[in-house]
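In full-length UniProt numbering, the protein residues as written are 1 to 321. Beta carbons: idealized from backbone N, C-alpha and C, even for Gly. Because the structure is a prediction, the values reported are computed rather than measured. Take a look at the structure below.
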């Protein structure tokens, strides 16, 4: 068996955007045209990115699935600045998606990425002029094994998601998440068959932007996917009070919004493995977490993200050549 350390992390607005430095006159700053000249400009969010980078380095994932990345070039820039460059994560995947703020899903991998497929072009059946996926459902095949890239390896397929947010109301946005969840199941079945897709090596993961519990706003919009009998919500292996991955101070709510859903065959291959929810980069306002934090984390900012990375170690059979 080969162990694959897999993580999902909403890195909250990982942008490469700039502003004029203090004391720089914009009227005189463009003598050589609008170029990113570091004598005039500074990159936004550098303190946040440093803590985000510290979190990524510490969780030591073999494959890291990310949400809220501006684009692949931004991710490569972050990799160079915060992660030691290409040597740590030589493989990168991402496709420009549908979000008007330009936040995409992406993958950093220590192992070869052999196939990617985007579904950002699919349209919403309830609103045929609008895309179904708020960002994308990014399908990525990862080659796993001690000799990845050669014979004697196996592969695992990841479906990386970032569903419609609850901004505007959980009940008001539920329908879109329900349709996204249904389509992800359909995509998985299209790849691995409708009879027993859970027998194949795949994982659905990402920020699904909803929790399973019913409340005053009604039922969950993602339960049909998270409780599907072809996957397991491995975070549910933890005690109820330890499952939260996000803190919303507007309602003082600690909820699980981030999920790793391995196929049942993969979950059964690691029956005693527990997921990790990494909280050292959470802002101080998330007072429920009383463990250690990275130096410099503030009440709201700087921070790694408003989401916690979720990590799970899969056990994959090695194929003999």
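- By the C-beta density criterion, residue 172 is exposed, having fewer than 16 other C-beta atoms within 10 angstroms.
- Taking the C-beta atoms as reference points, residue 59 is found nearer than 7 Å to residue 311.
- Measuring C-alpha to C-alpha distances from residue 169 to each of 99, 248, 217, 16 identifies 217 as the nearest.
- Here residue 127 is exposed. Its C-beta has fewer than 16 other C-beta atoms within 10 Å.
- Around the C-beta of residue 262, 16 or more other C-beta atoms lie within 10 Å, and the residue is accordingly described as buried.
- One Cα belongs to residue 306, the other to residue 318, and the distance between them is close to 37 Å.
- Around the C-beta of residue 287, fewer than 16 other C-beta atoms lie within 10 Å, and the residue is accordingly described as exposed.
- Its Cα nearest to that of residue 77, the residue 49 stands out among 103, 57, 49.
- Residue state for residue 145 is assigned as coil, using DSSP reduced to three classes.
- For the 7 Å CB-CB criterion, residue 114 and residue 141 form a contact.
- Within the segment 43 to 104, complete beta strand (DSSP E) segments of at least 3 residues are found at 63 to 69, 91 to 94, given in chain order.
- Under the DSSP definition of a beta bridge, residue 181 lacks any partner.
- Around residue 293, the same chain offers 280 as residues with beta carbons nearer than 6 Å, after the five sequence neighbours per side are excluded.
- In terms of Cα proximity to residue 207, the closest of 67, 57, 74 is 67.
- In the three-state scheme derived from DSSP, where H, G and I count as helix and E and B as strand, residue 311 is classed as strand.
- Excluding residues up to 5 positions away in sequence, 66, 69, 75, 94 lie with their Cβ nearer than 6 Å to the Cβ of residue 106 in the same chain.
- DSSP, read as helix, strand or coil, puts residue 253 in strand.
- Within its own chain, the residues whose Cβ lies closer than 8 Å to the Cβ of residue 264, once the five positions on either side in sequence are excluded, are 198, 199, 229, 230, 231, 232, listed in chain order.
- Beta-carbon to beta-carbon, residue 223 and residue 205 are separated by about 16 Å, too far to satisfy the 8 Å threshold.
- The continuous stretches of alpha helix (DSSP H) do not include residue 3, which lies in the beta strand (DSSP E) extending over residues 2 to 14.
- Excluding the 5 residues flanking it on each side, residue 72 has same chain C-beta neighbours closer than 7 Å at 92, 94, 106, in chain order.
- When secondary structure is reduced to three states using DSSP, residue 131 falls in the strand class.
- Listed as beta-bridge partners of residue 276 by DSSP are 311.
- DSSP places residue 241 outside any beta strand (DSSP E), giving it a letter other than H or E.
- For the pair residue 177 and residue 145, the CB atoms are not nearer than the 7 Å cut-off.
- In the three-state DSSP reduction, residue 174 falls in the helix class (H, G or I).
- Out of 131, 123, 57, 14, the CA that lies nearest to the CA of residue 104 is found in 14.
- Under the DSSP assignment, residue 226 falls in the alpha helix (DSSP H) whose first and last residues are 223 to 226.
- Relative to the Cα of residue 243, the nearest Cα in the group 300, 308, 129, 291 belongs to 308.
- DSSP places residue 153 in the coil class of the three-state scheme, outside both helix and strand.
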